[in-house]
Amino acid sequence: MGRTRFRPRKPENPAEAQDPVEAREPRGGPGSPRKRAQPVAKRSKRQQERPEDAELLSTVETTVAALRAQGPDTLDDAVYAAASALAAAPAGWEAVSRAVLRTAERALRRCWEGGWQPADVMRLVRRELTAAETRFAVDAVAAEARRYAPGTLGARWAAQLAELDVRVWWEADDAFLEGFAGRERLSRFETAACALGALRLIGGLPRIGAAGPLPGAAHARPAVAVEPRMLARIRALLAKAESTEFAEEAEALSAKAQQLMARYSMDEALLAAHSAEPVDGPATCRVGVEGPYESAKALLLDAVAEANHCRAVWTSEYDFSTVVGFEGDLELVELMYTSLLVQATTAMRRAGDDHHARGRSRRTRDFRQSFLIAYAARIRDRLTVAAEAVVAEGARAEAEVLPVLAARDVAVGESTERLFPAMTSHRLKGRDAEGWARGEEAADAAKLR
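The sequence shown maps to residues 204 to 652 in this note's numbering.
Next up, the structure:
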């Protein structure tokens, strides 16, 4: 898997010289309402795999492996034949249901052991598969989650399950496919084809770098949470920044939020330096970076990460960036990035509603790509200035601030290099001069506090 750093280039007209800005990329993606998810207890004894299911389970797994080997010209015919055989299996539909769920659980566990997390898998599923196959994959995640006792899931893992809204809605595993078919209004053949399509994708995912403890780990530790009142203040400022129609107000609000984030990071670093307890090193989290304009979005995330003592590494193939940093900083980076992306998208759409002087529409890919690249480049400067002002103020009051933060930056850099030993870089070039100019204007107006 390759890793790439991106440097934006301003359009050649009017001027091209700009300070480089980087983003990094590893080389190489039901009908009924649901309750909020909770980790589900182990399946009851009556749902355990039966001895007579072993042969069918092996058949399903072999079939899925064979489908992964098919090329685009033969895949449809292979799925048709496999789904027909599965729907008419002599063992019966209930046995097929159990075997399909076991296959899904095993495939997902291999994904987790290979570094994937639920949100990562579902991003690819949504990108590549149908709506019904996506819902099957969500149910598969729910089935696999039953094996973990409460309290053995990390905070981010549990949050991802809650975001997916997973739940075990079926009473017994042998009734799952029948219930799924009824919910989706599919025939048995269509249900089998749907399951095989999802299993083919999930079962073929390669190993990637880990981003946190495995689910069910006996010593899973809760993530260090940002102080609730501080987090609430930052959220409130960013929410106002996203909702206002006035660019100057948005800029002021976002800048204030960044200052609060920088102050929090500085205070936490000093507390950790003075603590008698062992202090955890840098951690990682993944942030979805999906198209369109995913390279520019990755650049924006990198800008936010860098200004907050983190590093971001973009994996374009799988639609996410891995952010490396200390736990409290990671949470704040996610929060700020999400807010700035909303602000950037809103500003880009407003700018696109205007027209060039000659009447040509700004609703072009080049305009929007240039807009977002320039936005990210300018935001990097503004975030850095806001953070450095807070650090300078803190350094005047506490001499240890600069060396403590420098030590943290070194630790984050070393962790990033260890996790991603091969990174390359290239430039992102904006092709629309007016899009670049409007992007810089929007970044100057974005709320950082």
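For each residue, glycine too, the CB sits at the ideal point set by N, CA and C. Bear in mind the structure is a predicted one, so any value in this text is a computation, not a measurement.
L157 to K443, Cα distance in whole Å?
Nothing can be reported for residue 157: it is not among the residues displayed for the chain, which extend from 204 to 652.
So what does DSSP say about R515, is it helix, strand or coil?
Rather than Arg, the amino acid found at residue 515 in this sequence is Ala. Strand, per DSSP.
Start and end of the beta strand (DSSP E) containing S390?
Per DSSP, S390 belongs to no beta strand (DSSP E) and is neither H nor E.
Please classify E509 as buried or exposed, where buried requires at least 16 other C-beta atoms within 10 Å of its C-beta.
Buried: at least 16 other Cβ atoms inside 10 Å.
Just mark D505 as buried or exposed, buried being the case when its beta carbon has 16 or more other beta carbons within 10 Å.
Buried is the call here.
Pick helix, strand or coil for A486, following the three-state DSSP scheme.
In the structure shown, A486 sits in a strand (DSSP, three-state: E or B).
Give me whichever residues DSSP pairs with F523 in a beta bridge.
According to DSSP, F523 bridges with G491 and T518.
Does the Cβ of A218 have 16 or more other Cβ atoms within 10 Å, making it buried, or fewer, making it exposed?
Note on A218: pLDDT 39, under 50, position unreliable in the model; no value is reported.
Rounding to the nearest angstrom, what Cα-Cα distance links F574 and Y496 in this structure?
One Cα belongs to F574, the other to Y496, and the distance between them is close to 10 angstroms.
Would you report the Cα separation of Q273 and R391, rounded to the nearest angstrom?
Distance between Q273 and R391, taken at the CA atoms: about 23 angstroms.
Helix, strand or coil: how does DSSP classify G597 here?
Correct three-state label for G597: helix.
G406 in three-state terms, based on DSSP
Three-state DSSP puts G406 in a helix.
Just how far apart, CA to CA, sit V507 and I411?
Their backbone Cα atoms lie some 24 angstroms apart in a straight line.
Taking buried to mean at least 16 other C-beta atoms within 10 Å of its own C-beta, is G597 buried or exposed?
So G597 counts as buried.
How about L402 and E347: are their beta carbons less than 7 angstroms apart?
Annotated as distal: L402 and E347, with beta-carbon spacing of 7 angstroms or more.
N- and C-terminal bounds of the alpha helix (DSSP H) containing T262:
It spans A257 to R271 - the alpha helix (DSSP H) in which T262 sits, taken as one unbroken run.
Three-state secondary structure (DSSP) of G528
In the structure shown, the three-state DSSP call for G528 is strand.
Grab the span of the alpha helix (DSSP H) containing Y283 for me, first residue to last.
For Y283, the enclosing alpha helix (DSSP H) starts and ends at L278 to A290.
Rounded C-beta distance between H512 and D532? I'm assuming under 8 angstroms.
Contact between H512 and D532 holds, with the beta-carbon distance rounding to 5 angstroms and staying under 8 angstroms.
Taking the alpha carbon of V516 as the point to measure from, which residue in G491, M539, D256 and L417 has its own alpha carbon closest?
Comparing Cα positions, the closest option is G491.
Residue from E393, R330, R309 and A345 with nearest C-alpha to V282:
When each option's Cα is compared against that of V282, the closest is E393.
Identify whether T337 lies in helix, strand or coil by the three-state DSSP scheme.
In the three-state reduction of the DSSP assignment, T337 falls in the helix class, which pools H, G and I.
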